[in-house]
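Trainee: Residues in the sequence shown are numbered from 8 upward in steps of one, following my numbering.
C-beta atoms are modelled at their ideal positions from N, C-alpha and C, and glycine is treated no differently.
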Amino acid sequence: MGNRIVTKFGKSKSLTDEEITEIQKISKLSAEEINERHKQFLGLHPSGKMTKEEFIHMFNLLNFNFDVNDQVACEKTFATFDKNRSGTIEFDEFLVAMLFLRPNTVESNVDLLFQWFDISGDGCLDHKEVAGIFESCVALGLVKNADPDYAEKTASEVFATLGLSDVDKINKEQLIRGYFCHEIDEIMLLIENSASAAQIN
Numbered sequence: 008m009g010n011r012i013v014t015k016f017g018k019s020k021s022l023t024d025e026e027i028t029e030i031q032k033i034s035k036l037s038a039e040e041i042n043e044r045h046k047q048f049l050g051l052h053p054s055g056k057m058t059k060e061e062f063i064h065m066f067n068l069l070n071f072n073f074d075v076n077d078q079v080a081c082e083k084t085f086a087t088f089d090k091n092r093s094g095t096i097e098f099d100e101f102l103v104a105m106l107f108l109r110p111n112t113v114e115s116n117v118d119l120l121f122q123w124f125d126i127s128g129d130g131c132l133d134h135k136e137v138a139g140i141f142e143s144c145v146a147l148g149l150v151k152n153a154d155p156d157y158a159e160k161t162a163s164e165v166f167a168t169l170g171l172s173d174v175d176k177i178n179k180e181q182l183i184r185g186y187f188c189h190e191i192d193e194i195m196l197l198i199e200n201s202a203s204a205a206q207i208n
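Structural data, given as structure tokens:
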């Protein structure tokens, strides 16, 4: 789907500059913060891996209002990152997963979409990148009984709603304005499910 891919760190005792840079693109943490969190992670999980139960326990500690909805969200998020169904995730996956579970606002969700799907890095989303988001929505079951050309057609509908052609690009401000002014299902699906759509291939 063209999503940005995070490298695997396993149980390495230190992160390379390239690995730190990749995490910074997603998390907006400083290099010092990333290294400190990596050190803490290995201190608690010397194998470099965390189980689902440990992941849920960690989120519970960070969220004083933990309830059944949080439990479900944690389980779905963990499953998204546990691609090989090993029952564990690694440091990079844990860090991004916790970002997915943070309190959501329209602005933070749009930021997340652009961090993961702005492959060109120009601060905008082109038609292909928007279609990639809808492909992720289909793959995750957020859209039921989708036609084979659903992603392409729906991306075109979003562009048309914003007064753009398929050769134009969408910036953050346009997407946020479209969310509040138009309230159409396609844009709401994009933004409100950003955390789920932005999974790692």
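1. Can you pull the DSSP bridge partners for residue 96?
2. Can the beta-carbon of residue 95 be found less than 7 Å from the beta-carbon of residue 32?
3. At what residues does the alpha helix (DSSP H) containing residue 42 begin and finish?
4. Any chance the stretch 167-178 sits against the stretch 145-153, with 3 or more Cβ pairs inside 8 Å?
5. What is the DSSP secondary structure of residue 16, counted as helix, strand or coil?
6. Can residue 136 be considered in contact with the ligand MG, in the sense that its beta carbon sits closer than 6 Å to one or more heavy atoms?
7. Where DSSP assigns a beta bridge to residue 177, which residues make up the other side?
8. Span of the alpha helix (DSSP H) holding residue 152?
9. So residue 115 is in the alpha helix (DSSP H); what residue range does that whole segment cover?
10. Are three or more beta carbon pairs between the stretch 128-143 and the stretch 83-93 nearer than 8 Å?
11. What separation, rounded to the nearest whole angstrom, lies between the Cα atoms of residue 77 and residue 117?
12. Identify, in the order they occur along the chain, each residue of the same chain with its Cβ nearer than 8 Å to the Cβ of residue 104, setting aside the five sequence neighbours on each side.
13. Using the rule of at least 16 other Cβ atoms within 10 Å of the residue's Cβ for burial, across every protein chain shown, is residue 128 buried or exposed?
14. In chain order, what residues of the same chain lie with their CB nearer than 7 Å to the CB of residue 169, ignoring the 5 residues before and after it?
15. Using 10 angstroms around the beta-carbon of residue 139, count the other beta-carbons present and answer buried if the total reaches 16, otherwise exposed.
16. If you count every other CB in all the chains shown that lies within 10 Å of the CB of residue 156, and 16 or more means buried, which is it?
17. Excluding the five sequence neighbours on either side, which residues of its own chain have a C-beta within less than 7 Å of the C-beta of residue 145, listed in chain order?
Mentor: With the given structure in hand:
1. The residue you call residue 96 lines up with position 89 of the sequence shown. For residue 96, which the question treats as bridged, DSSP gives the partners 57.
2. For the purposes of this step, residue 95 is taken as the residue at position 88 of the sequence shown. For the purposes of this step, residue 32 is taken as the residue at position 25 of the sequence shown. Their beta carbons are not under 7 Å apart, which means residue 95 does not touch residue 32 by this criterion.
3. For the purposes of this step, residue 42 is identified with residue 35 of the sequence shown, where counting begins at 1. Start and end: 38-51.
4. Taking one beta carbon from each stretch, the stretch 167-178 and the stretch 145-153 have fewer than 3 pairs nearer than 8 Å; the two do not touch.
5. Locating residue 16 in the sequence shown gives position 9, counting from the first residue. Here residue 16 scores only 47 on pLDDT, less than 50, and its place in the model is too uncertain to base an answer on.
6. No copy of the ligand MG occurs in the structure displayed, which carries no ligand at all.
7. On the sequence shown, position 170 is the one that residue 177 refers to. In the DSSP output, where bridge partners are listed per residue, residue 177 has 132.
8. As a position in the sequence shown, residue 152 is number 145, starting the count at 1. Element bounds for residue 152: n/a, residue is neither H nor E.
9. Walking along the sequence shown from the start, residue 115 turns up at place 108. Run containing residue 115: 113-124, per the alpha helix (DSSP H) assignment.
10. The stretch 128-143 and the stretch 83-93 do not touch, with fewer than 3 CB-CB distances between them shorter than 8 Å.
11. Counting from one through the sequence shown, the residue named residue 77 turns up at place 70. Counting from one through the sequence shown, the residue named residue 117 turns up at place 110. Looking at the two C-alpha atoms, the distance is approximately 21 Å.
12. Residue mapping note: residue 104 aligns to position 97 of the sequence shown, counting from 1. Exclusion of the five residues before and after residue 104 leaves 62, 84, 85, 87, 88, 96 as the residues of its chain whose Cβ lies within less than 8 Å of its Cβ.
13. Here residue 128 refers to the residue found at position 121 when the sequence shown is read from its first residue. Exposed: under 16 other Cβ atoms inside 10 Å.
14. Stepping through the sequence shown from its first residue, residue 169 is reached at position 162. If we look at residue 169 and ignore the five residues flanking it on each side, its Cβ neighbours are 177, 181, 185.
15. In the sequence shown, the residue the question calls residue 139 occupies position 132. With 16 or more other Cβ atoms within 10 Å, it is buried.
16. As a working note, residue 156 is residue 149 in the sequence shown. Under the 10 Å beta carbon count, residue 156 is surrounded by fewer than 16 other beta carbons and is classified as exposed.
17. As a working mapping, residue 145 is identified with position 138 in the sequence shown. In chain order, 153, 157, 158 place their CB closer than 7 Å to the CB of residue 145, counting only its own chain and leaving out the 5 sequence neighbours on each side.
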